[in-house]
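Protein chains in written order, with this note's numbering: chain A, 1039 to 1152; chain B, 51 to 211.
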């Protein structure tokens, strides 16, 4: 699994190229997230619109990514139904800033859009 | 002899249309479990009229259950056999898995415990969600150790959002 990087108006947008973030791909996500965000101190969004499945290992990788930001918020956009359900059931939707899609994430200020 | 990760779905004839049963098998390692999940999902989507939530919930429950068998039952060793029976009922999907890995510690399933999210960021849980998800979407999962096999039976409900 790869995370592609794009910067729009100073906001770093990361997009996983895998449809599934599961036990097999979770470890790559954490490593690539660390590399991608090492020199960044602005907003960070992971766009999950292309991810149709996430298991608890994937969820754990998202939490470990959040921790790498050391107190800053991690924003997520475009959660598909199964992914959204996993976040809601575990109440992890409350520890990320979640946007319905990338456009609204980029047009909002981040904190307000949550 | 099947090669690693192969799956053989076979439909068994049942008199009632909404009481169908399907059998699958796979081996741990490679993308065996991923393929098995894809086949189970496809089977539900094609054969159950209320497929959407049931299919989503089954994917979540089975991914956790099968990962657990691979990582803990077989301790990450490839080639471990998993048999899976899928039953489609009117309001539920019942799945029974059989594996020949290590027994559940204490011969019991882990309890339904949601890791605490109301903590400092640095202390947030990075795991421990799997059995919570299983218990939530498939209440009262049953586990039996029979001989050298583990049998897990879950009834996944149509819990929508």
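By construction, the Cβ of each residue, glycine as well, lies at the ideal position given by its N, Cα and C atoms.
For my contact list, residue i and residue j are in at a C-beta cut-off of 8 Å; report their separation, rounded to the angstrom.
i	j	result
residue 141/B	residue 208/B	6 Å
residue 127/B	residue 119/B	Actually they are not in contact, since the Cβ atoms of residue 127/B and residue 119/B sit about 11 Å apart, beyond 8 Å.
residue 1086/A	residue 1121/A	6 Å
residue 1130/A	residue 1097/A	6 Å
residue 1040/A	residue 1055/A	5 Å
residue 200/B	residue 129/B	The pair is not a contact, with the Cβ atoms about 16 Å apart (cut-off 8 Å).
residue 184/B	residue 114/B	5 Å
residue 1104/A	residue 1078/A	Residue 1104/A to residue 1078/A, Cβ: 14 Å. No contact.
residue 134/B	residue 83/B	Actually they do not touch by this definition, with Cβ atoms about 10 Å apart.
residue 187/B	residue 107/B	4 Å
residue 70/B	residue 138/B	5 Å
residue 1094/A	residue 180/B	4 Å
residue 155/B	residue 165/B	With 8 Å as the limit, residue 155/B and residue 165/B do not qualify as a contact, their Cβ atoms being about 19 Å apart.
residue 153/B	residue 195/B	5 Å
Closest Cβ-Cβ distance between residue i and chain B: below 7 Å?
i	result
residue 1040/A	no
residue 1054/A	no
residue 1146/A	no
residue 1151/A	With a pLDDT of 42 at residue 1151/A, under the threshold of 50, the modelled position of that residue is not reliable, and no figure is offered here.
residue 1048/A	no
residue 1073/A	no
residue 1101/A	yes
residue 1133/A	yes
Count the other CB atoms, across all protein chains shown, that sit within 10 Å of the CB of residue i; report buried if there are 16 or more and exposed otherwise.
i	result
residue 1075/A	buried
residue 169/B	exposed
residue 1092/A	buried
residue 151/B	buried
residue 1099/A	buried
residue 145/B	buried
residue 1137/A	buried
residue 1065/A	exposed
residue 149/B	buried
residue 189/B	exposed
residue 64/B	In this prediction, residue 64/B has a pLDDT of 41, which is less than 50 and means its spatial position is unreliable; what the coordinates show is noted afterwards. The residue is exposed, with fewer than 16 neighbouring Cβ atoms inside 10 Å.
residue 177/B	exposed
residue 191/B	buried
Identify the contact partners of residue i in chain A, using a Cβ-Cβ distance below 9 Å as the criterion.
i	result
residue 182/B	1094, 1127, 1128
residue 164/B	1127, 1128, 1129
Cβ closer than 8 Å: which chain A residues qualify as neighbours of residue i?
i	result
residue 152/B	Chain A residues near residue 152/B: none, gap ~18 Å exceeds 8 Å.
residue 177/B	1094, 1095, 1098
Determine the chain B residues that contact residue i at a beta-carbon separation under 7 Å, and present them in chain order.
i	result
residue 1091/A	109
residue 1061/A	117
residue 1109/A	171
residue 1120/A	106, 109, 110
What does residue i touch in chain B if you count any residue whose Cβ is under 8 Å from its own?
i	result
residue 1082/A	Per Cβ cutoff of 8 Å: no residues; residue 1082/A is ~14 Å from chain B at best.
residue 1104/A	171, 174
Name, please, each residue of chain A whose Cβ falls closer than 7 Å to the Cβ of residue i.
i	result
residue 113/B	1060, 1093
Shorter than 7 Å from the beta carbon of residue i to some beta carbon of chain A?
i	result
residue 66/B	Residue placement at residue 66/B is flagged as unreliable, the pLDDT there being 45, under the threshold of 50; a coordinate-derived value is accordingly withheld.
residue 174/B	yes
residue 167/B	yes
residue 53/B	Residue confidence is low: residue 53/B scores 43 on pLDDT, short of 50, so the model does not pin down where it sits. Its coordinate-derived value is still stated next. No, residue 53/B lies away from the interface with chain A (no Cβ there is under 7 Å from its Cβ).
residue 186/B	yes
Please list, in chain order, the chain E residues whose beta carbon lies closer than 8 Å to that of residue i.
i	result
residue 1078/A	Absence of chain E from the displayed structure is noted, the protein chains being A and B.
In chain B, what lies closer than 9 Å to residue i by C-beta?
i	result
residue 1124/A	110, 179, 183
Worksheet entry | Inside the stretch 95 to 130 of chain B only - alpha helix (DSSP H) runs reaching at least 4 residues | 101 to 118
Worksheet item: Can you give, in chain order, each stretch of the beta strand (DSSP E) that sits fully within the stretch 116 to 195 of chain B and has at least 3 residues?
Response: 131 to 138, 142 to 149
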